Structure formats: structure tokens, C-alpha cells
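Some notes on the structure that comes next.
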Amino acid sequence: MGLSSKHLLGLNGVPKEDIQLILDTAITFREVLDRPIKKVPTLQGQTIVNLFFENSTRTRLSFELAEKRLSADTMNFTKSGSSAAKGESFKDTVRNIEAMKVDMIVCRHESAGIPNYLTQISNAKIINAGDGLHEHPTQGLLDMYSIREKVGKLEGLNICIVGDIAHSRVALSNIYGLKTMGANVSVCGPTTMIPRKLEELGVKVYHNIDKAMAENDVLNVLRIQLERDAGALIPSVREYHNYFGITEERIEKNNPNILIMHPGPINRGVELSSEVADGASQIILNQVTNGVAIRMAVLYLLGSKN
Amino acid sequence: MEILLKGLRLLNPYQDLDITSDILIRDGVIEKIEKIDSSKFPEAKVYDLDGKICVPGLYDMHVHLREPGREDKETVISGSNSAAAGGFTGIACMPNTDPAIDSAEVVRFIIDRSKDHLVDVNPIGAVTKGRKGEALAPMLELTDAGAVGFSDDGTAVKTASILRNALEYSKMADAPIIEHCEDESLAGGAMNESFVSTELGLPSIPTVAEDLIVMRGILMAEYTGGKIHIAHISSKRSVELVRDAKQRGIDVTAEAAPHHFTLTDESVRAFDTNYKMNPPLREQKDVDAIIEGLQDGTIDCIASDHAPHTIEEKEMEYIYAPNGIVGLETQLALTLTELYHSGKLTLEQVIEKLSINPRKILNLELPKIQVGEKANLTILDLEHKFKFAVKSSKSRSKNTPFDGREFNGKAIAVINNSQIYFESKFINI
Ligand SMILES: [Zn+2]
């Protein structure tokens, strides 16, 4: 039994069985990564292109490593900004790459919808590595994997995503995936950082971090983009930390058993206090390895699909 | 040269006219309206149009011709051909060309380009020089050269103070200020702000960006006594604001584009840039409000916002692709199919919105179906079912979400300036 789709464009609409399969397959690959010889021949002879129109070294390296561990042939294509501004249309770029007989394309782009468009102009299997503020499915899967690894389950868990939800591509993928797996998902952040009508996705919205901590088992804390609209969405980083930052005192007061997750890299003293960051950093390092395992699972499952 | 049109229903609500008759046109002028025996006019070319409807020539007051500047997208001639194919005998063209229509010279250039065409082309002048929002364009000179209204379309007039002066000054030209209503500080998104934009993660434009500038225009028109026209109204709240203002007797008019009464932001889910326009496609409640506004007269006319772009430009990433779609050849068909055949508008209302009211707003002469008048006519076949194929469009650009759509109702001929356009050919008459 394999995945129901030949692409991974997002977690919206992906059936539970598929997510389950990816998470379970990742466990096997996680074990491979602990072996002295970390390479398996699974994708030998397959060509994968990492098409990154936006800088994201961490995500690209994670995919590249996953591809190499599976013995695939990989190529990197990096370019930023509007394709037209560079004198070549996006479509032409993709056609040129496809002429090289590519089996899979891993794509990162600052415009939402590009992976969907790729499926129309290319025959390759498409994996979305982040499109605008839309989805970042492998990050969502990775977060789910790490929570399950720590807590043992997802179903029935109360999980809150904290931070700038409106400008995050991780939040939506987390929401879709976690809800499919039966978790109760909520978000917490300043009113200016919550997108319009988010409640219609069936998530609870908090603007009070203490309440969110008291009522949830897990917090997935997003990195605050310090450079974004400085001063427009929040008055200052200091005020954000005072009202939404996770500190030892808050954990002690509200919920000593709460699991703090963070996709990294952390802004110490902003979304997490320094002590909390120290505590969470072990999980973050573990997430890097888990990220490779998840991406191996996705590549393997799509790669073995006809 | 004579042509004889046989068996028409002549319909013009402006003249209270609704009769069945033949028409004889000689040298572009209506010579006879009566039952005519064709054997008495052996020289006349006869068109058998039994059951077809003859209305005053249709007019589209919001068209982007790309000449001067981007003739690869559209020219005065290609746009006029597209207008004729879509059933229009007149269009007003927007000033966001390169250079902008901000001098008498450019106005004359466009009029000169169109002078031998069936379709009348009336330029809209810029409100400010270079559409920069700083200094007023020479409105009186532009008017004398042939401009019929003023707009900085593409953006709203930059500041309230310039708008105030424009509304005052344009009173001397007796021409409206046509506002593209969008607050600059809330602009820049790729789609409507809604649940769908939240799900798609696309940067968005809220309806309040439009509503604020509609309100500004209304208040300023009230204060100055100037004449404001709201271009491509798209939000429910804006329709309510215009309705309210009209009840107060403020000199405000409004137009809606066909895509805003037929499509919603749900269409954006496919990430096809042919659904990217500005104002963006809104929600169903907005679509319903536009239709209601058309029904009760809050919205005076239907205008296409015909905005040609090359395939290369439209095939860009969603956030980078330019806004707009071509619309001259689908506008009438969408209106007849979605509003007339569904019983939402009467045929008389359709003629008001597509022929009479836009000319009234721009102070243009209204065509009459009357002996001695210049023949400026559109012939409709309300039961002509067809599938729109953009590849056969006369426009130089093919950016439309309506390719392949089935329609019911079409203009089969247009007559104006001593020419007839029939079966895809222009013939001098
Ligand atoms: Zn506009």
C-alpha cells in the first residue's frame, strides 16, 4: 500500500492513512540514520532536482541529505526573486530542467501555488518545500513526528501554535495535518498576527498565552520574524516577549508538564526565554535528524509510486 | 450605399421604443423605419434578421488599450476590433498608457488612430500629470482635444487634497472623475482578503481598502459639488455606500465589471493567474450585492475593465503576475447569460447599463433609432448559443478565465460610422 497521490503539495486534504504511512515509514528511516552506514539504495537511478527560488539553506540541506541517503542523483537549482525579472519565465526554467529527465522536483518559492502550477507544466512528482505563506508540508509532518515521538500519540492531544500565524507557512500545514490526525488545534498570538477567519478552519484562537498554556499539552512556538514589518504588527520585540514569550515562570505557573516545540532557529529572549530555549534546544536538534527521516520517507514513498 | 435590415424588433428604452419593423440605412443614416418591400430597393444589401433585436449601439466606458506604449498587448485598432466583435460601437480608453494620456497630444494621437474605425474611441484623460498624484493634468486642454472624463486608474487619486481640486476643476470641463477605489496603504495583495486567502496563504487586499476610497470620493463629491464615478465596484459595503449617497442626492455613479458579478475568490484556488484582477474577485455576498445594485439602479452601468496582458506576463508566479483580464468579447455574453436569461435584469435594463448610462455619465450623445439619425446600432441574437474560444478573439491578448465557457446571447452585428461589422468583417455602407 502506498500514498494516494503522486505529489505532496500540502497537508490540506491529505488522508489520515497517508500521513500515518509517512510517519511510520519515517521511524524506519530514523533507525537507518542511527546506523554506522546511513545509506540505502532505495532511489538509485532516480533524479531529483531541488528547485529553490527562495533562500532556505536549512530546508534545502535537509532534503539534499535525505536524497543522498536514499542514493538518488540530485541537482540543485537556486535563484531568487521574480523569474521574469531574471529574464527567463518560470515556465521556461522548469521546462529546461525537465528536459534533463527528472523524476522528482522539490520546490521552494515565495509565491503560493507554485507547486500546484508545477504539476500542470511538468511530468515529475512534485514536493512542496514551502510556497509563500501557504504550506510547508514536510515541516508539518516533521512537527507531528516529533510530537508523536515525545508524547506517543497525536489523537486527542491539545496542541497550540504560538506566534505570527498570518505570516507563517508552517502554521497552516500544522493545522491541516494535526486536525486530520485527531488533535485539537489552537493558535495563540497578537490579534494582528492571526489571519482573517482562521476560526473557520476549526481552530480555537487565543490572545492570552497563559490561558493557552493552561489549556494545552503542547506548544509549537514559531520564530518571530524580527525583520518583518518592524513596528507594524507588534509595537516591539520587548512587548511581544512580555505578553507572549514562553518563560520558566509561565511554565511553572500554568502547566509544568507542557511540551515546548520550536522549529528553530530560536530568537532567544523573544518567543522563548533563554532558559526555556536551553531546555527546548535538545528537541530542536532532534528535529533536525527527524526532518531528514521525514523527508526520506516522503521521497521514498513518492519515488516508489508509479 | 444602402442596406436593408429586415424583421427586427427595435428596442430603445431611452426613446420608449419597442416595435417590430424593417430599417433602411443609406450612407450611414437611418432613412426609413417601416415595413419595406425589398424589391423597391434593388441596390440595397438585404440582411434577413427575423426575430433579432436592434438596440442603440453598446458602449464600454472602461477599456485599457495599450497604445501608446505596449502595442504588443493591444493597439487602438486591435482593441476597437475586439469591441466590435463584442457588440460595442463605442469605448472609453483609460489613461494608464506610456506616456499617460495627460496631454492634448496623446488624446489627439489616440483619436487619430481610431478615426476610420466603426468603433468610437473616447479617451479618458489622467487626473494628474503622469498619473503621479502630484500636479493636475491640463483638464481643459484635454477636454478640448476630445477627452471625456478623468482618471488615475490603476490607482486611486493619490491624496484627498488632489481629489478635491480635481473635482472642483473638472466641473469646468463638465466631465466626471473616475476613481479606481483602493487605499494605497492597504493595496498590494494578490487576491481578496477572506477565508480563502487565509487558506491559500496569498497576500490579500481587504474590501475595506475599496470602501474607504469610495467613501472618500462620495464625501468629496458632496463637499465640492463635483461629479464622481466609481470604477469597477466590487464590494458589498461599497454598493451600500453608493446607494446611500444617491439617496442623499450626491452626484455619484458606478460601474461593475462582469467578472465581479459572475465569479468569486473561490476560483483563485486553482492559482490560475487569469483569475487575478484588481479589484480582486470577492465573496458570494459581494457578488450578490453587485447584482442587487445593478437591479435597483445603484450601479449605473456594466464596463469590462478590459485589461490585455501577454501570455508571458500572465504565466508568471501568482504574486508577480499583472492584474486584469480581457473582457470586450465576453461582457455582453456574460450579461445576457448570467443576468438577462436568469431573470435578474430585464432586456431594457441591460440596454441601459450597456449603452445608455455609460454615455450619459460621459456626456456623450445618445444614439437614437429614428429616421434621420446616424445609424449607431447593435443587433442582438438572444438565443445564440456558443462556446467562447479566446483563440479567435480579435484582441491581441488572450488573458481570460472564460475561455471555453458556454454562453447564450450574442451581438451578431454592429453598425456605426457608415460601417457594418457582420460575420467577422467590416463593410462600408
Ligand atoms: Zn482600475
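Read top to bottom, the protein sequences are chains A and B. The first sequence begins at 18 in this note's numbering and counts up by one. The second sequence begins at 1162 in this note's numbering and counts up by one. In this text, a Cβ means the ideal position worked out from N, Cα and C, and glycines have one as well. From a predicted model like this one, the values you see are computed outputs, not experimental measurements.
Inter-residue Cα distance where the pair is E1591 of chain B and S1558 of chain B: Since the first residue of chain B shown is 1162 and the last is 1590, residue 1591 of chain B is not available in this structure.
Using a threshold of 7 Å, state whether the C-beta atoms of N1537 of chain B and P1528 of chain B are closer than that. Residue mapping note: residue 1537 of chain B aligns to position 376 of the second sequence, counting from 1. Residue mapping note: residue 1528 of chain B aligns to position 367 of the second sequence, counting from 1. Taking the C-beta atoms as reference points, P1528 of chain B is found nearer than 7 Å to N1537 of chain B.
Chain A partners of L1361 of chain B, CB-CB under 8 Å? Within the second sequence, the letter at position 200 stands for residue 1361 of chain B. The contacting residues are A129, G130, H151.
Just to confirm, is the Cβ distance from F1432 of chain B to Y257 of chain A under 7 Å? Translated into positions along the second sequence, residue 1432 of chain B becomes position 271. Translated into positions along the first sequence, residue 257 of chain A becomes position 240. Cβ atoms of F1432 of chain B and Y257 of chain A: not closer than 7 Å.
Within chain B, the residues that L215 of chain A reaches when beta carbons sit closer than 8 Å: Here residue 215 of chain A is taken as the residue at index 198 of the first sequence, counted from 1. Under the 8 Å cutoff, chain B gives T1359.
Between P207 of chain A and chain B, is there a C-beta pair that is closer than 7 Å? Along the first sequence, read from residue 1 onward, the residue named residue 207 of chain A stands at position 190. No, no contact with chain B.
Comparing the C-beta of I1479 of chain B with each C-beta of chain A, is any distance below 7 Å? Mapped onto the second sequence, residue 1479 of chain B falls at position 318. Checking the sequence shown, residue 1479 of chain B turns out to be Tyr, not Ile. So, interface residue.
Quick check on E1371 of chain B - is its C-beta less than 7 Å from some C-beta in chain A? Within the second sequence, the letter at position 210 stands for residue 1371 of chain B. Not an interface residue.
Whether or not the region 47-63 of chain A and the region 308-319 of chain A are in contact is what I'm after, with contact meaning three or more pairs of Cβ atoms, one per stretch, closer than 8 Å; do they touch? Judged by Cβ distances under 8 Å, the region 308-319 of chain A makes contact with the region 47-63 of chain A, as three or more pairs qualify.
So, using beta-carbon positions, are D1372 of chain B and R1398 of chain B closer together than 7 Å? Within the second sequence, numbered from 1, the residue matching residue 1372 of chain B stands at position 211. Within the second sequence, numbered from 1, the residue matching residue 1398 of chain B stands at position 237. Yes, Cβ-Cβ distance for D1372 of chain B and R1398 of chain B is below 7 Å.
Is D1314 of chain B near ligand 1, with its Cβ less than 6 Å from a heavy atom? In the second sequence, the residue the question calls residue 1314 of chain B occupies position 153. For ligand 1, a non-hydrogen atom lies closer than 6 Å to the CB of D1314 of chain B.
Using a Cβ-Cβ distance cut-off of 7 Å, determine whether E1444 of chain B contacts chain A. For this step, residue 1444 of chain B is matched to residue 283 along the second sequence. The beta-carbon of E1444 of chain B is placed no less than 7 Å from the nearest beta-carbon of chain A.
So which residues on chain B does N133 of chain A lean against when the C-beta distance must stay under 8 Å? Residue numbering aside, residue 133 of chain A sits at position 116 when the first sequence is read from its first letter. Those are A1431, F1432, listed as they occur along chain B.
Proximity test, Cβ basis, 7 Å: F107 of chain A and chain B: For the purposes of this step, residue 107 of chain A is taken as residue 90 along the first sequence, with counting starting at 1. Look at F107 of chain A: its C-beta is under 7 Å from a C-beta on chain B.
Taking only heavy atoms of ligand 1 into account, decide whether any of them is closer than 6 Å to the Cβ of A1392 of chain B. Residue 1392 of chain B sits at position 231 when you count from the first residue of the second sequence. A distance criterion of 6 Å places the beta-carbon of A1392 of chain B in contact range of ligand 1, judged by its closest non-hydrogen atom.
How would you label G219 of chain A, buried or exposed, when you count the other beta carbons within 10 angstroms and need 16 or more for buried? Stepping through the first sequence from its first residue, residue 219 of chain A is reached at position 202. G219 of chain A should be labelled exposed.
Reduced DSSP secondary structure (H/G/I, E/B, other) of A1244 of chain B: Within the second sequence, numbered from 1, the residue matching residue 1244 of chain B stands at position 83. In the structure shown, A1244 of chain B sits in a helix (DSSP, three-state: H, G or I).
Closer than 7 Å between beta carbons: that is the criterion. Which residues of the region 175-194 of chain A meet it against chain B? Cβ contacts with chain B come from R186, L189.
Using a cut-off of 8 Å between C-beta atoms, extract the partners of E1534 of chain B located in chain A. As a working note, residue 1534 of chain B is residue 373 in the second sequence. Chain A residues near E1534 of chain B: none, gap ~50 Å exceeds 8 Å.
Quick check: the region 1253-1268 of chain B against the region 1285-1294 of chain B, are there 3 or more CB pairs under 8 Å? In this structure the region 1253-1268 of chain B touches the region 1285-1294 of chain B; the number of beta carbon pairs closer than 8 Å is three or more.
Do L1541 of chain B and P1158 of chain B have their beta-carbon atoms positioned less than 7 Å apart in this structure? Because chain B is modelled from 1162 through 1590, residue 1158 of chain B falls outside the range shown and cannot be assessed.
Could you compute how far the alpha carbon of I44 of chain A sits from the alpha carbon of L25 of chain A? Translated into the one-based positions of the first sequence, residue 44 of chain A becomes position 27. Translated into the one-based positions of the first sequence, residue 25 of chain A becomes position 8. Pairing I44 of chain A with L25 of chain A, the inter-Cα distance amounts to about 19 Å.
Taking only three categories from DSSP, how would you classify T1289 of chain B? Along the second sequence, one-based indexing puts residue 1289 of chain B at 128. T1289 of chain B falls in the strand class under three-state DSSP.
By the DSSP assignment, the beta strand (DSSP E) with P1217 of chain B in it spans what residues? Position 56 of the second sequence holds residue 1217 of chain B. Its beta strand (DSSP E) spans residues 1214-1217.
For chain B, check one thing: does any of its Cβ atoms lie closer than 7 Å to the Cβ of A101 of chain A? Within the first sequence, the letter at position 84 stands for residue 101 of chain A. Caution applies to A101 of chain A, whose pLDDT of 49 falls short of 50 and renders its modelled position unreliable; the model cannot decide the point.
Report buried or exposed for L1169 of chain B, applying the criterion of at least 16 other Cβ atoms within 10 angstroms of its Cβ. Mapped onto the second sequence, residue 1169 of chain B falls at position 8. That one is buried.
Whose CA, out of A:T209, A:N175, A:P132, A:M198, lies closest to the CA of Y1479 of chain B? On the second sequence, position 318 is the one that residue 1479 of chain B refers to. It is A:P132.
Quick one: list the residues of chain A neighbouring S1355 of chain B, beta-carbon separation under 9 Å, in chain order. Taking the second sequence and counting its residues from 1, the one referred to as residue 1355 of chain B is at position 194. Against chain A, a Cβ distance below 9 Å from S1355 of chain B picks out R213, K214.
Is H1341 of chain B near ligand 1, in the sense that its beta carbon is under 6 Å from a heavy atom of that ligand? Here the question's residue 1341 of chain B lines up with position 180 in the second sequence. The answer is yes for H1341 of chain B.
For the region 1471-1495 of chain B, enumerate the residues whose C-beta is nearer than 8 Å to any C-beta of chain A, in chain order. Under the 8 Å Cβ criterion, the region 1471-1495 of chain B contributes E1473, E1474, E1476, M1477, E1478, Y1479, I1480, Y1481.
Let me know the secondary structure DSSP gives R1274 of chain B once reduced to three states. Your numbering for residue 1274 of chain B matches position 113 in the second sequence. Looking at R1274 of chain B - three-state DSSP - the assignment turns out to be helix.
Nearest to I263 of chain A by alpha carbon, out of A:V287, A:A249, A:A200, A:L40? For the purposes of this step, residue 263 of chain A is taken as residue 246 along the first sequence, with counting starting at 1. For the residues A:V287, A:A249, A:A200, A:L40, the minimum Cα distance to I263 of chain A belongs to A:V287.
Supposed close pair N1353 of chain B, L1442 of chain B - CB separation, criterion 8 Å: Taking the second sequence and counting its residues from 1, the one referred to as residue 1353 of chain B is at position 192. Taking the second sequence and counting its residues from 1, the one referred to as residue 1442 of chain B is at position 281. Contact between N1353 of chain B and L1442 of chain B holds: their C-beta atoms lie close to 6 Å from each other, under 8 Å.
My assumption, with CB atoms under 8 Å, is that V1487 of chain B sits in contact with F1249 of chain B. Please give the rounded CB distance. Translated into the one-based positions of the second sequence, residue 1487 of chain B becomes position 326. Translated into the one-based positions of the second sequence, residue 1249 of chain B becomes position 88. Beta-carbon to beta-carbon, V1487 of chain B and F1249 of chain B are separated by about 13 Å, too far to satisfy the 8 Å threshold.
Under 9 Å Cβ-Cβ, which residues of chain B neighbour H126 of chain A? Here residue 126 of chain A corresponds to residue number 109 of the first sequence, with the count starting at 1. Result: E1478.
May I ask you to report which of helix, strand or coil DSSP gives Y1479 of chain B? As a working note, residue 1479 of chain B is residue 318 in the second sequence. Coil, per DSSP.
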